[in-house]
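Please read the structure below before turning to the comments.
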Amino acid sequence: MSQTATLPDYLWELFQRLRRRGFVIGPQEYEALKLALQSGFGLSSQYALRELCASLWAKSLRERETLFAIFDQLAPVEEDWFIDVGNDATEQKIEKREEKSSNDPAVEAKPSAPEEQEAPTVRASQGLPPIFLGNVKIAERPFVFEPQYPLNFREAAQAWRRLRKSVRVGAPIELDIDGTINKFCRMGVASSVVLRPQRRNVARLLILVDRQGSMAPFHGFCDVVCDAIRKAGRFEDTALYYFRNVPAEGADETVLDLLEETIFPSLDSILAEITPLAEGDVYSDTELLDWQPLETVLPEYATGASVVIISDAGAVRNQYRPSRLLDTLAFLKGLRNYTRQYVWLNPLPKSAWVSSTAAYLARHIPMFSLDREGMYQAVNVLRGQQFIIEKPI
Amino acid sequence: MSRRLVDTSLRFSEINYAELESSRSIEDVSLLEIPKGKPPTQTVQKEFYLPDPKLKEAVDLSIALGRPLLIQGEPGCGKTQLAYAVAYALGLPLETSYIKSTSRAQDLLYTYDAVNRLYDAQLKDKEEGKNSRDIKNYIRLGPLGRAIARAQYGRRSVVLIDEIDKADIDFPNDLLWELDRLEFKITEAPDINYAVGNKPELRPIVFVTHNEEKALPAAFLRRCIFHYIHFPESETQLQKILATQKLENQELSQKAIEIIIKLRDLDLSKRPGLSELLDWAGYLEAVETPIEELDKLPHLGTLLKQESDRQRAVEALVKA
């Protein structure tokens, strides 16, 4: 078979749809399918062809499922697919197969067999024409659902890998080639080799995630991000705790009385009066059942560590509540007793923060949206890059 | 990338693995240097293995297209064994590389021992001193490098890169060029280079195993052929697998399979895999455990590795 041989249209459609779904496949992978078919793979049955496409194009279990579902939607129904695999040249097999697939009305090779076409008859009718479902194929799984987050596992992992505090600690076990050569040059004779301790990332991270309530739509997304940070971040220590709305509640609200009487007061004028607060409830499980006091979590995991808070800060409901802002600021003040490296990641984009607690809060602390760019900025801030805040706490 | 040539000279699916002899002599891979001429051989024992037809097809596809086969599956389902089985079936030497968190991509190709050369250079008039003039003496090829060098001498090999997800996340990206072109240069000695050349029948057959999902770079994934090894679905299949392991006591293995299937239905934090089943059934047979005893779940430590899982299993199966 010549190289210009075309595959049945539905395979091209499958390829296109998979690409739209973010499969990493290119022209070479399409070519690979042709090559594989030419060398006799995937010809024995429709299942074999499906399996072949999956081997070449799907790169995880989930992608396999997706591919199977789309393939089933697109592939023509052919009960007589099974062709006897003789020892003839593969070319013949492919031609046979293509003949078969040309029963599919979508294939342009031959217009569909004449006997299937009815002669057009004209008759007067009223109302809507009747609907024929004869040629419509209804796939077993008409829909394929898969999460598409603004950020995938790998992107999150890559961003957080940049948070490094690389220090050589421990016993000297790594060979220092440059050091050894220098020593040779200095002494002029062979001497013992120079060893040094291995580099280790001693950065520590505490992740605090808002859970339930308005955060419910983001549970899956937050899980992917936290999973990526924990698995691929390679920090010395990564602690993950969940909270509801605010990590610490019950700040002294008397300071609010000092505010001027406006509908949406900003807390700028009383910022200095807010007392630090480090008492509250956090949970080590996603169901918020395994309670841990914040006052023990912070000293253990936040001291000298980087802290990431993931929460919408009221942006989902588009509310501004001074008491929530007060609690949050009081908590952040309390947090500052342990570490100065903290960022807030908001699952909503910046444009959605306007006029909610989030917008007010973003004036006091570094807050970024939970996407690729925001995450890189957040890591930059944790790495010590300067970030201008309107009203620092 | 130039257009890939298809190679259908070897087909794993056409070999009846079960009928192969229990040992055969295959090129010795323990030699430091790859011999140019006829290589010495070593006796390799057969690995018990029962690949399902889909897996065989995937292996054939990977050989034909010259793309690495990326194998995923739950721990203990025989991802690593596959490479051994294929190498044995095809009679090819197997170069293995077990990835660690400190592995570098270049180590798969070669390592250069600069310090040793420096030492040897001190001993001017001795044998070592003379050796030190030639950089070749201090270059040691890694598993993939050896396979490419062997191809240059006209012989094929199987390469296993085990648990690639353990390495740095950019590790696979550093291998793209070499896996695509199957050639490399030694940076420290630019005149030494190895290449498979335009001979698809000599391309190394590369197996890559990994456990986690999708942490691998897209550019690397694109070049691979993917296969997921499932836990055997039916009892008969499990029975067949146990039979390959020379377990004679039919009733015992039948009972063991029943138990493992029940255990896998429980909500455990780590479900027992195939290798655990084989260990467990093998031991039970070796110590001649009476079949009635199996209901009490003896030696459960082989199957379940967590106290909470163990308690749950005992509650569900023994007390019920």
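Line order of the protein sequences matches chains Z and R. So for the first sequence, numbering that gives the first Met the number 0 puts the first residue at 0; every next one is plus one. So for the second sequence, numbering that gives the first Met the number 0 puts the first residue at 0; every next one is plus one. From the three backbone atoms N, C-alpha and C, an ideal C-beta is built for every residue, glycine too. Keep in mind it's a predicted model, so treat the numbers as computed, not measured.
- Task: Please check if any C-beta of chain Z sits within less than 8 Å of the C-beta of Asp59 (chain R).
- Result: yes
- Message: On the criterion of 16 or more Cβ atoms from any shown chain inside 10 Å, does Phe263 (chain Z) qualify as buried, or is it exposed?
- Response: exposed
- Does any C-beta atom of chain R lie closer than 8 Å to the C-beta of Ser283 (chain Z)? no
- Where the segment 121–153 of chain R meets chain Z: residues whose CB sits under 7 Å from a CB there: Gln121
- Query: Is the beta carbon of Ile259 (chain R) sitting closer than 8 Å to the one on Gly72 (chain R)?
  - Reply: no
- Name the chain Z residues whose beta carbon is nearer than 8 Å to that of Ile223 (chain R)? First, the residue type needs correcting, since residue 223 (chain R) is Cys and not Ile in the sequence shown. What Cys223 (chain R) touches in chain Z: Lys58.
- Query: What number of angstroms, rounded off, separates the C-alpha of Leu273 (chain R) from the C-alpha of Pro74 (chain R)?
  - Reply: Each residue's Cα considered, the two are about 8 Å apart.
- Query: By DSSP, does Lys184 (chain R) sit in helix, in strand, or in coil?
  - Reply: strand
- According to the neighbour-count rule (16 or more other Cβ atoms, all chains shown, within 10 Å of its Cβ), is Met186 (chain Z) buried or exposed? exposed
- Query: Quick one: is Ile69 (chain Z) near chain R, going by C-beta distance under 8 Å?
  - Reply: no
- Message: Please identify the residue among Z:Tyr282, Z:Arg371, Z:Tyr319, Z:Phe183 whose C-alpha is closest to the C-alpha of Ala361 (chain Z).
- Response: For Ala361 (chain Z), the nearest C-alpha among the options comes from Z:Tyr319.
- Item | Status (buried if at least 16 other CB within 10 Å, exposed otherwise) for Ala377 (chain Z) | buried
- Which bits of chain R does Gly25 (chain Z) rub up against, with CB to CB less than 9 Å? Arg221
- Task: Pair every Cβ in the segment 364–374 of chain Z with every Cβ in the segment 8–18 of chain R, then say whether three or more of these pairs are closer than 8 Å.
- Result: no
- Gly279 (chain Z) in three-state terms, based on DSSP: strand
- Sequence-distant residues of the same chain with beta carbon closer than 6 Å to Thr5 (chain Z), five excluded per side: none
- Could you work out which residues of chain Z lie near Thr7 (chain R), taking near to mean beta carbons separated by less than 8 Å? Residues of chain Z passing the Cβ test: Ser38, Gly39.
- Query: What are the residues that DSSP puts in a beta bridge with Tyr111 (chain R)?
  - Reply: R:Ile138
- Item | Contact with chain Z by Ile168 (chain R), beta-carbon distance below 8 Å | yes
- Message: By the 9 Å beta-carbon criterion, what residues does the segment 188–213 of chain Z contribute toward chain R?
- Response: Val188, Ala189, Val192, Gln197
- Message: Beta-carbon within less than 8 Å of His298 (chain R)'s beta-carbon, same chain only, minus the 5 sequence neighbours each way: which residues are those?
- Response: Trp279, Tyr282, Leu283
- Met366 (chain Z) lies in the beta strand (DSSP E); which residues open and close that run? 366–368
- Per DSSP, which residues does Ile228 (chain R) bridge with? Please list them. Under DSSP, Ile228 (chain R) forms a beta bridge with R:Gly72.
- For Val313 (chain R), which of helix, strand or coil comes out of DSSP? helix
- Message: If you follow the alpha helix (DSSP H) that Arg399 (chain Z) is in, where does it begin and where does it stop?
- Response: This structure gives no information on residue 399 (chain Z), because the portion of chain Z shown stretches from 0 to 392.
- Interface flag, Lys261 (chain R) vs chain Z, CB-CB below 8 Å: Lys261 (chain R) does not count as touching chain Z.
- Query: Mapping DSSP to helix, strand and coil, what is Thr95 (chain R)?
  - Reply: strand
- Task: Compare the C-beta of His226 (chain R) against all C-beta atoms of chain Z and say whether one is closer than 8 Å.
- Result: yes
- How would you write the range of the beta strand (DSSP E) that Glu18 (chain R) sits in, first residue to last? Run containing Glu18 (chain R): none; DSSP gives neither H nor E here.
- Item | Cutoff 8 Å; reference Met0 (chain R); Cβ partners in own chain excluding five residues on either side | With a pLDDT of 40 at Met0 (chain R), under the threshold of 50, the modelled position of that residue is not reliable, and the figure given next carries that caveat. Excluding its 5 nearest sequence neighbours in each direction, Met0 (chain R) has C-beta neighbours in its own chain below 8 Å: Asp179, Arg180, listed in chain order.
- Go through its chain and collect everything with a Cβ distance to Thr288 (chain R)'s Cβ below 8 Å, but skip five positions before and after it. Around Thr288 (chain R): Leu251, Pro297.
- Query: Can a CB atom of chain R be found closer than 8 Å to the CB of Ala74 (chain Z)?
  - Reply: no
- Item | C-alpha gap between Asp236 (chain Z) and Asp167 (chain R), whole angstroms | 18 Å
- Is Ser310 (chain Z) buried or exposed, if buried means 16 or more other CB atoms sit within 10 Å of its CB? With at least 16 other beta carbons inside 10 angstroms of its own, Ser310 (chain Z) counts as buried.
- Item | Short Cβ contact (8 Å threshold) for Ser102 (chain R) with Phe170 (chain R) | yes
- Message: Strictly below 8 Å CB to CB, what residues from chain Z border Lys53 (chain R)?
- Response: Glu50
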